[in-house]
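Written out below as structure tokens is the structure these notes cover.
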Amino acid sequence: MKGISYRCYGGPEVLEYGELRDPKVGPDQVLVKVRAAAVNPVDWKCREGYLDPLLDAVFPVVPGWDVSGVVVRPGAAVTEFGVGDEVVGYVREDFLSRGTFAEYVAAPVRTLARKPRRLSFEEAAGLPLAGLTAYQVLVRTLEVRRGETVLVHAAAGGVGSLAVQIAVHLGARVIGTAGAGNHDHVRTLGGEPVAYGDGLAERVRALAPDGVEAVFDTVGGDTLKTSANLLAPEGRLASIADPEVVAYGGRYCFVRPDAEDLGHLARLADEGAVTVHVHRTFPLARTADAHRLSQEGHTRGKIVVTVGETEEGGEGRTEERAPGEDTA
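So for the sequence shown, the working numbering puts the first residue at 395; every next one is plus one.
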């Protein structure tokens, strides 16, 4: 199969496009024909080696954890999905090797849910990691309740934009930090935008004089101190960006695969409560360019790699067949 891989840690230039070994399908896995895979900051952080203290890398590594696609072969023990089912997944294992930036991925069934019907494959690919992160922090860590005020940092980003929508669905009032050019976008998501930078605390206090009940940090650094000072009595603080949050009485969160949570997110998407904004798409062969754009930051929504184009990046489609199947 065609795919992206890297043989050592480094910058985007270490990403190679070419032939890879076809995946083996274990008893508790399904073989998915990849239609789209979203880029997340963790992808290039893994590629740079920042997560080496946490995750072993078995080179060559195929990057990517987010996927949307079609089941072409269920494993021997799988009863949840059948051939032709459209799925989404946060396909993270406890080591780096078998990712989603390829024509096929063997995905553990525990990482998958049925694809939302209302979303395109490109939109659906942007839901799992960012959506699960937002959902698990808001529901499981911050325990956001109806009528509370929640401050979401980087509210126009991949995680932030979904956090705003989920918090609104939970019945919360949402204040979201964003650049001036994204304020209208934050409003469309249901949030009240405030600008980054000097004076942030005063701007938030003007909207919530008694403080906010919960803060969802996606930035880290000095933002943590500002956030802690904006909390109402008994307020809660969580960060996905900076472990130092514990010094401010908060909790550091790392998303985990959860089929039940992902299924709930898919239902929210089908109900229209959650949408995914795709900032830009790239063909599989240009994954390095997608990584570069992600590293620049300041994108609105998700960067997505589509699979099925010609090797030159055109609009052609490859046949949807399982590796090893006869094409005759």
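The C-beta atom is built at its ideal place from N, Cα and C for all residues, glycine as well.
In this text, all values refer to a predicted model and were calculated from it rather than measured experimentally.
Check                                                                                             : Outcome
Neighbour-count burial assignment, C402, 16 or more Cβ in a 10 Å radius                           : exposed
Residues near I398 by beta carbon distance below 6 Å, same chain, minus five either side          : L409, Y411, F495 and T681
Unbroken beta strand (DSSP E) run spanning K427, endpoints                                        : Q423 to V433
Spatially closest choice to H673 from D664, G695 and R686, by CA coordinates                      : G695
Proximity below 7 Å, CB of A507 to CB of L656                                                     : yes
Closest by C-alpha distance to T582, when choosing among L448, V668 and D592                      : V668
Touch test, the segment 632-647 against the segment 509-524, Cβ-Cβ under 8 Å, three pairs minimum : no
Residue nearest to L687 in terms of C-alpha spacing, selected from V433, H563, G483 and V553      : V433
Residue range of the alpha helix (DSSP H) that includes H685                                      : T681 to E690
Extent of the continuous alpha helix (DSSP H) to which G404 belongs                               : Unbroken run through G404: none, as it is neither H nor E.
Test item: CB-CB of T620 and A595 under 7 Å                                                       : yes
Limits of the unbroken alpha helix (DSSP H) element including V553                                : G552 to H563
Selected residue, minimal CA-CA separation from L523, among G702, A653 and L678                   : A653
Sequence ranges, beta strand (DSSP E) only - wholly within the segment 612-690, length at least 3 : 625-633 and 672-677
DSSP bridge partner residues for E480 (one or two, in chain order)                                : V464
Segment limits, alpha helix (DSSP H) that includes Y529                                           : P522 to Y529
Span of the alpha helix (DSSP H), counted from its first residue to its last, around V419         : V419 -> no alpha helix (DSSP H), and no H or E assigned at all.
Beta carbon of H547 nearer than 7 Å to that of D604                                               : no
Residue from P406, V456 and V464 with nearest C-alpha to K427                                     : V464
As assigned by DSSP and simplified to three states, the class of E410                             : strand
Endpoints, alpha helix (DSSP H) assigned at A519                                                  : F515 to A519
C-alpha gap between A679 and A626, whole angstroms                                                : 49 Å
C-beta atoms of V580 and A572 nearer than 7 Å                                                     : yes
In DSSP terms, what R486 is bridged to                                                            : Answer is none; R486 lacks a bridge partner.
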